[in-house]
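Q: The structure is given below, and queries will be raised subsequently.
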Amino acid sequence: MAEGEEPEKKRRRIEELNENMVVDGGSGDHTDWQGRWDHVKKFLERVGPFTHPDFEPSTESLQFLLDTCKILVIGAGGLGCELLKDLALSGFRHIHVVDMDTIDVSNLNRQFLFRPKDVGRPKAEVAADFVNGRVPGCNVVPHFKKIQDLDETFYRQFHIVVCGLDSVVARRWMNGMLLSLLIYEDGVLDPSSIIPLIDGGTEGFKGNARVILPGMTACIDCTLELYPPQINFPMCTIASMPRLPEHCVEYVRMLLWPKEKPFGDGVALDGDDPTHIQWVFQKSLERAAEFSITGVTYRLTQGVVKRIIPAVASTNAVIAAACATEVFKIATSAYVPLNNYLVFNDVDGLYMYTFEAERKENCSACSQVPQDLQFPPSAKLQEILDYLTENASLQMKSPAITTTLDGKNKTLYLQTVASIEERTRPNLNKTLKELGLVHGQELAVADVTTPQTVLFKLNFIS
Amino acid sequence: MTDHKTSKEQKYDRQLRLWGDHGQEALENAHVCLIKATATGTEILKNLVLPGIGAFTIVDGHKVSGEDNCVSITTLSKPKVTCMLNDVVLILQNRAQAATELLQELNSDVSGNFVEESPDKLLDNDPEFFHRFSLVIGVQLPESTCLRLGSVLWDAGVTFLVCRTYGLIGYMRLIVKEHTVIESHPDNALEDLRLDQPFTELKHHIESYDLDSMEKKDHSHTPWIIVVAKYLEKWYSEHNSQLPKNYKEKEAFRQLIREGILTNENGKPEDEENFEEAIKNVNTALNPTKVPSATEDIFNAEQCENITSQSPSFWVMAQGVRDFVRNEGNGKLPVRGTIPDMIADSDKFIKLQNVYRDKAMKDAAVVSKHVKALLQSVGKPPESISEQEIKLFCKNAAFLRVVRCRSLAEEYSMDTFNKDEITSCMDSTDSEKVLYLMLHSVDRFYQQHSRYPGVYNYQVEEDINNLKLCVNSLLQEYSLNVNVKDDYIHEFCRYGAAEPHTVAAFLGGSAAQEAIKIITHQFVPFNNTFLYNAMSQTSATFQL
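Those sequence lines, one after another, are chains A and B. The opening residue of the first sequence carries number 1 in UniProt numbering; numbering runs sequentially from there. The opening residue of the second sequence carries number 1 in UniProt numbering; numbering runs sequentially from there.
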């Protein structure tokens, strides 16, 4: 009996030791220790009933995570800090992070990679330093830049992109960039050109996370209606009929500041400058007193000027964790990824809802179909401009419209360069017929919401 | 910015906009106990330290192990920790201490403490140790420890939050006898406009308007509340003083208002946004004013009926409002006092707003009289509940909530466990309830084998059978006629009691926010069992 048992016991002891052996980093540095990746290995080296159909247990998956897999994190703020930590502690070692901002005191209640001494420094750099210093073997590369400052060659190197952004415009741009990297051969999408995009967003106690496979599943623009445009107060309310304290602040910001130029000619209102906010606060109080409106406080004033969205650590932790789980699933095929949109709210208990957002057949970003524009020839160019900015599925910010006339490229209207704006402004008041446009005319529209131009086809209606 | 108070205001600005200065104060006066500084535990605490919890104490008898270091950025202490198998020495630092130091570093406003002791030992030698805390959070605890601790905390009236990450499953259980919430901050609250039964001052104010004799400018800038009220009077005269009740009647009422829109010299209707607002709001503006059922339940509760000198101020104020409702209020709550923004000139809007505000103040003053009398009747000074508190209570009277969670003993006991809740929805065999049963089953396994199933690869296959025996004995013992798919038994063996970081982080955020709700008494905590499935990214809450 004993003889038979001994080899078995021995076998088990060896297995236990092997399980805890150092995993050699590809570069030869022994930064892994006993048990370090135990939590991760169980999901990579064992068979399971709920794994992805493509999943095969192996010890190589962990190596892939540690040595090869490259993840791009967009944003090093509330979500970004959490994402970097989650990824680093799940075995990802090659991570790049892009953020154009510097650290502010108000970030410290949740962006935990930063300390009071870091205020003023670039978020991406401080975040990378912190993670690299605390997680041996991890290599986070920071980019203190706007996402628009990086090009195709940069984005193409990543296996997965995960976003923790605070702007719809930036999300759409990122979405457009990954769509532009897709390769079609004879109209068929090459799957190896797909870079999955995982997008998270939070606001107070609400958040969402979604998985986008560009070219295959619903993209950001397919569901643009989920991001309704910000509603600004009507001008007449602000100018002559204020009722709420917010109206008073907007009056000072939009009308009084440009008139009185309290800090000098050409000095714009800086929401981060306490002396500016103090001035706006005082003037808002005066305005409010005129109309017997109560409720103007310093905090309210700053909130209106900076369009502040409340934020806490907990919601960011939850959404980033959900996103990081999806990154792990996709990178390892360990489980079927989220399909494809998750909504979270913990105001009353905890509520989570998952649904499959559908692709839009004529999506302006991912459908590759020229967008339809229906206008009478007597319509003015201004009407097209209004349509591009106001339509819920397009929501462009400052579209530039060009077309080909008489074989030559002509700019019909462009807002972002002052001299061209001035030159093309008269076109807004001309009719489409007057501008020489014909039925079926193709218009190319460029905008901050996308790195590629969007093609429109003009259909004249009577 | 050398002023400490202003720098705290700046640092906490984004969260102060959610729970206010008074919520922050409650947070800063709280002392939370975390039992076990595992990844889940430190993630929870991190999300409490960052917003400025007053103090925390970590109870943990373990040393830092290789596994810990990989999963929580707060238990990492780089210079000291290295690997055993490569001629380098692992310094076995006490986990509680390591975690305390690193968490403390996240926010200098917070005071951190640790006790290097297992919770079971503390329960043996000094159970009253736990009485000093606002909240105790127990993480990755074996069932026996949970039950012991649960019993001590229940008797001491200390709220207990149990959290657990098990593979890709997250679990939370809240245990509190009674938790009252005045500021629940509901997402979509209906306005309190009283159009169905206007109070006297509102009636007078409405009478001061004569729409038919108004110039266009005034007509177009009259608040929609007045417009609806005026047309309601017209409607009453033709419909026997009955409110429009069904869709057909409301549609007819909308049409009546639409006909009141001014027309220009060509007979075309003018652009009167205030009338459009009135038409849009007909649906909700005519809802009969009544006391919501949750508030009604509060009025009927035993704690509201029997006020003593020990009664918390919530119940004293509840009885005060109840008395108001039954007398001066004529069956209605004190007027809330707020109105939504609407198209109107400043003067008309402010005047209307003041009508509601003044009435709210009047009603609150009456409630205050009731409250003071009540306090005196039980021998307490009338100032023990401030005017400010009473005003806040009245303003939120329609949103009051009370959460009562059963004890763990009740959940586990054969006589009182919630069989219906567990077996319902189990027809869908992929429901989160299966996960609950699996967690109980692995606890049984632990009791029998002193370890969790499938920790080492060679154990997985053998343990599947053993775990299945545990599942069956559990189902049998509680007479649960449900089916647990073999797939789940396999999966739970596969997990090997792993605590992957992303699941720990998800739970860390969820649990921390529930803790903040408990401490600030704002927003509504879950009741009482929460399960998260990271495979499907779904969750469910049950009351067990």
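For glycine and all other residues, C-beta sits at the position ideal for the given N, C-alpha and C.
Does the beta-carbon of Ser424/B have 16 or more other beta-carbons within 10 angstroms, so that it is buried, or is it exposed?
A: Under this definition Ser424/B is an exposed residue.
Q: Of all the alpha helix (DSSP H) runs that stay within the bounds of the stretch 94-140 of chain B, which reach a length of 4 or more residues?
A: Counting whole runs of 4 or more residues, the stretch 94-140 of chain B contains the alpha helix (DSSP H) stretches 95-104 and 119-125.
Q: Put Arg359/A into one of helix, strand or coil per three-state DSSP.
A: Note: Arg359/A maps to coil in three-state DSSP.
Q: Listing by chain order, which chain A residues have their CB less than 9 Å from the CB of Thr541/B?
A: Within 9 Å Cβ-Cβ: Gly349, Leu350 and Tyr351.
Q: Please report whether the beta-carbon of residue 463/A lies at a distance below 7 Å from any beta-carbon of chain B.
A: Nothing about residue 463/A can be read from this structure; chain A reaches only from 1 to 462.
Q: Can you name the start and end residues of the beta strand (DSSP E) that Leu165/A belongs to?
A: From DSSP, Leu165/A is part of no beta strand (DSSP E); its letter is neither H nor E.
Q: Excluding the 5 residues flanking Ile279/B on each side, which residues of the same chain have their C-beta closer than 8 Å to its C-beta?
A: Here the set comprises Arg254, Ile257 and Arg258.
Q: What in chain B is Cβ-close to Asn109/A, meaning under 7 Å?
A: Per Cβ cutoff of 7 Å: Lys11, Tyr12, Arg14, Gln15, Leu50 and Pro51.
Q: Quick one: which residues of the stretch 138-161 of chain A get their C-beta closer than 7 Å to a C-beta of chain B? List them in chain order.
A: Flagged: no residues at all.
Q: Do Cys138/A and Asn175/A have their C-beta atoms within less than 7 Å of each other?
A: For Cys138/A and Asn175/A, no; Cβs fall outside 7 Å.
Q: Sorted by chain position, which residues of the same chain lie with C-beta nearer than 6 Å to Ile238/A's C-beta, five sequence neighbours on each side aside?
A: So the list reads His247, Glu250 and Tyr251, once near-sequence residues are dropped.
Q: Below 8 Å, how does it come out for the stretch 210-224 of chain A and the stretch 263-271 of chain A: are there three or more Cβ pairs, yes or no?
A: Contact between the stretch 210-224 of chain A and the stretch 263-271 of chain A is absent, because fewer than three Cβ pairs lie under 8 Å.
Q: To be precise: take each residue of the stretch 324-345 of chain A, compare its Cβ to all Cβ atoms of chain B, and keep it if any distance is under 7 Å. Which residues remain?
A: Against chain B - using a Cβ distance shorter than 7 Å - the residues of the stretch 324-345 of chain A are Ala324, Thr325, Phe328, Tyr335, Leu338 and Leu342.
Q: By the DSSP assignment, the alpha helix (DSSP H) with Ser293/B in it spans what residues?
A: Note, Ser293/B: alpha helix (DSSP H), Ser293 to Asn300.
Q: Can you name the residues that DSSP bridges to Glu495/B?
A: Residue 495/B is actually Tyr in this sequence, not Glu. None, per the DSSP bridge assignment.
Q: Just to confirm before moving on: does the CB-CB distance between Val110/B and Val59/B stay below 7 Å?
A: Taking 7 Å as the Cβ cut-off, Val110/B and Val59/B do not qualify as a contacting pair.
Q: Which whole runs of the beta strand (DSSP E) in the stretch 169-232 of chain A are 3 residues long or more, in chain order?
A: 197-203 and 206-212, all fully within the stretch 169-232 of chain A.
Q: What in chain A is Cβ-close to Ile350/B, meaning under 8 Å?
A: Arg243, Phe291, Ser292 and Ile293, listed in chain order.
Q: Considering Met361/B, what are the terminal residues of the alpha helix (DSSP H) in which it resides?
A: Met361/B -> alpha helix (DSSP H) spans Ser346 to Ser377.
Q: Pull the bridge partners of Ala55/B from the DSSP assignment, please.
A: Ala55/B is bridged to His31/B and Ser111/B.
Q: Let me confirm a value: His39/A is counted as buried when at least 16 other C-beta atoms fall within 10 Å, else exposed. Which label applies?
A: Its Cβ being crowded by 16 or more others within 10 Å, His39/A is buried.
Q: Check whether the Cβ atoms of Phe50/A and Ile71/A sit closer than 7 Å, and answer yes or no.
A: In this structure, Ile71/A does not lie closer than 7 Å to Phe50/A by Cβ.
Q: If you draw a straight line from the alpha carbon of Asp118/A to that of Leu16/B, how long is it in whole angstroms?
A: About 22 Å.
Q: Can you find a CB in chain A that lies within less than 7 Å of the CB of Asp218/B?
A: False, the Cβ-Cβ gap to chain A never drops below 7 Å.
Q: Taking DSSP as the reference, what is the three-state secondary structure of Gly170/B?
A: The answer is strand: DSSP assigns Gly170/B an E or B state.
Q: Starting from the Cα of Val402/B, find the closest Cα among Ile307/B, Glu296/B, Gln242/B and Ser386/B and give me that residue.
A: For Val402/B, the nearest C-alpha among the options comes from Glu296/B.
Q: Could you pull out every unbroken alpha helix (DSSP H) segment of at least 4 residues lying fully inside the UniProt domain "E2 binding" (373-461) of chain A, listed in chain order?
A: As far as the UniProt domain "E2 binding" (373-461) of chain A is concerned, its whole alpha helix (DSSP H) runs of at least 4 residues are 381-390 and 418-424.
Q: Between Val152/B and Pro119/B, is the Cβ-Cβ spacing less than 7 Å?
A: No.
Q: For the beta strand (DSSP E) containing Asn533/B, name the first residue and the last one.
A: Where Asn533/B is concerned, the enclosing beta strand (DSSP E) stretches over Thr529 to Asn533.
Q: Residues of chain A with CB under 7 Å from Thr538/B, in chain order?
A: Chain A residues near Thr538/B: Met352 and Thr354.
Q: Taking the alpha-carbon positions, what's the Ser473/B to Arg451/B distance?
A: Whole-angstrom Cα-Cα distance: 18 Å.
Q: Give me the subset of the stretch 299-313 of chain A whose CB atoms are less than 9 Å from a CB atom of chain B, sorted by chain position.
A: Those residues of the stretch 299-313 of chain A that come within reach of chain B (Cβ to Cβ, closer than 9 Å) are Arg299, Gln302, Gly303, Ile308, Ile309, Pro310, Ala311, Val312 and Ala313.
Q: Quick check: is the beta carbon of Arg494/B nearer than 7 Å to any beta carbon in chain A?
A: It does; some Cβ of chain A falls within 7 Å.
Q: Expressed to the nearest angstrom, what Euclidean distance is found between the alpha-carbon atoms of Tyr184/A and Cys363/A?
A: Each residue's Cα considered, the two are about 17 Å apart.
Q: Starting from Ser61/A and walking both ways along the alpha helix (DSSP H), at which residues does that stretch end?
A: Run containing Ser61/A: Glu60 to Gln63, per the alpha helix (DSSP H) assignment.
Q: Flag Met317/B as yes if its beta-carbon sits less than 7 Å from any beta-carbon of chain A, otherwise no.
A: Judged by the 7 Å Cβ criterion, Met317/B is not in contact with chain A.
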